[in-house]
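Reading through the structure tokens given below for one structure.
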Amino acid sequence: DTEVTQTPKHLVMGMTNKKSLKCEQHMGHRAMYWYKQKAKKPPELMFVYSYEKLSINESVPSRFSPECPNSSLLNLHLHALQPEDSALYLCASSRGDDSYEQYFGPGTRLTVT
Amino acid sequence: KQEVTQIPAALSVPEGENLVLNCSFTDSAIYNLQWFRQDPGKGLTSLLLIQSSQREQTSGRLNASLDKSSGRSTLYIAASQPGDSATYLCAAPTSNDYKLSFGAGTTVTVRA
Chain B
1 DTEVTQTPKH LVMGMTNKKS LKCEQHMGHR AMYWYKQKAK KPPELMFVYS YEKLSINESV
61 PSRFSPECPN SSLLNLHLHA LQPEDSALYL CASSRGDDSY EQYFGPGTRL TVT
Chain E
114 KQEVTQIPAA LSVPEGENLV LNCSFTDSAI YNLQWFRQDP GKGLTSLLLI QSSQREQTSG
174 RLNASLDKSS GRSTLYIAAS QPGDSATYLC AAPTSNDYKL SFGAGTTVTV RA
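Just so you know, the protein sequences line up as chains B and E, in that order. Reading the first sequence from the start, the letters are residues 1 to 113 in our numbering. Reading the second sequence from the start, the letters are residues 114 to 225 in our numbering.
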């Protein structure tokens with residue numbers, strides 16, 4: 001199984017809402033990532049978890065809050081977002097050793113109104 | 114810091130023609146290089162990963178080469194089909210860590 005799943009596929013939220021994005025993998029990977037992708041741009045790294053610990057935070061605003069409850073699951077909690085946060089949010093995973101091949105999920109299309 | 118460039122930004126070819134997609138990188142001490150495909154509004158699909166010790170990697174109609182000395186990787190797609198229409202991105206880790214530097218991508222249209 002080389003699949004990374006993400007839910008929901010689409011999300012529309014107001015600027016005062018709180019919502020969460022979920023990502024799951026069952027490949028035994030120990031590194032998991034959140035990316036943000038705007039239209040016609042490459043993905044931008046937001047966070048990296050390695051062995052369930054946050055190892056990289058690319059200076060992401062605190063209205064985005066990641067969580068890694070276990071080695072298979074990664075959440076991104078959203079609160080008080082801005083319209084400019086509307087984007088495709090991608091989750092990825094990799095083995096977490098010296099193999100950095102990343103596998104991506106299908107993404108969540110987020111619209112902030 | 115690894116910087117990755119893809120030229121051209123867009124490419125249109127008739128069905129059946131071979132595709133050649135270019136990727137350049139600045140740090141020749143590359144760990145590996147990964148090619149992805151992205152359909153509009155979808156996630157990235159990993160196509161091929163070439164380790165720094167490899168010169169090329171093949172999967173079906175796809176062949177990717179890596180030349181560290183010139184800072185280049187090329188993705189060849191043989192006998193293109195309309196279903197190959199997508200954006201192709203290359204990416205390489207920034208030295209030995211988890212961060213991937215992505216190129217801006219080449220958007221391919223294969224005309225039937």
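Glycine included, every Cβ here is placed at the ideal spot set by N, Cα and C. Note that the structure is a prediction, hence the values are computed from the model and not measured.
Exercise. For the segment 127-158 of chain E, which segments carrying the alpha helix (DSSP H) assignment without a break, of at least 4 residues, lie completely within its bounds, in sequence order?
Worked result: For the segment 127-158 of chain E, not a single whole alpha helix (DSSP H) run of length 4 or above is found.
Exercise. Helix, strand or coil for P83(B) per DSSP?
Worked result: DSSP places P83(B) in helix when its eight states are reduced to three.
Exercise. Going along chain B, which residues have a C-beta under 7 Å from P206(E)?
Worked result: Going along chain B in sequence order, the residues near P206(E) (Cβ under 7 Å) are Y100.
Exercise. Just by C-beta distance, which residues in the segment 155-177 of chain E are closer than 8 Å to chain B?
Worked result: K155, G156, L157, T158, S159, L162: these are the residues of the segment 155-177 of chain E whose beta carbon lies less than 8 Å from some beta carbon of chain B, given in chain order.
For this session: Output yes or no for whether 8 Å exceeds the beta carbon distance between L11(B) and T108(B).
Result: For L11(B) and T108(B), yes; Cβs fall inside 8 Å.
Problem set entry | Boundaries (first-last residue) of the beta strand (DSSP E) holding I120(E) | Element bounds for I120(E): n/a, residue is neither H nor E.
For this session: Between the Cα of N70(B) and those of Y49(B), T16(B), A80(B), V60(B), spot the shortest distance and give me the residue it belongs to.
Result: Out of Y49(B), T16(B), A80(B), V60(B), Y49(B) has the C-alpha closest to the C-alpha of N70(B).
Problem set entry | Under the three-state DSSP convention, the category P42(B) falls into | Here P42(B) sits in coil by DSSP.
Exercise. Cβ atoms of F47(B) and A54(B): under 8 Å apart, would you say?
Worked result: According to the sequence shown, residue 54(B) is Leu rather than Ala. Judged by beta-carbon spacing, F47(B) lies within the 8 Å limit of L54(B), meaning their Cβ atoms are closer than that value.
Exercise. Per DSSP, Q167(E) is paired with what?
Worked result: Partner(s): none; Q167(E) has no beta bridge.
For this session: Show which residues of chain E have a CB atom less than 8 Å away from the CB atom of S50(B).
Result: Those within 8 Å of S50(B) in chain E are Y211.
Problem set entry | Coarse secondary structure for P106(B), derived from DSSP in three states | Residue state, collapsed to three classes: coil.
Problem set entry | Beta-carbon contacts of A87(B) that lie in its chain and below 7 Å, excluding the five residues immediately before and after | In its chain, beyond the 5 residues on either side, K36, Q37, K38, L110 have a beta carbon closer than 7 Å to the beta carbon of A87(B).
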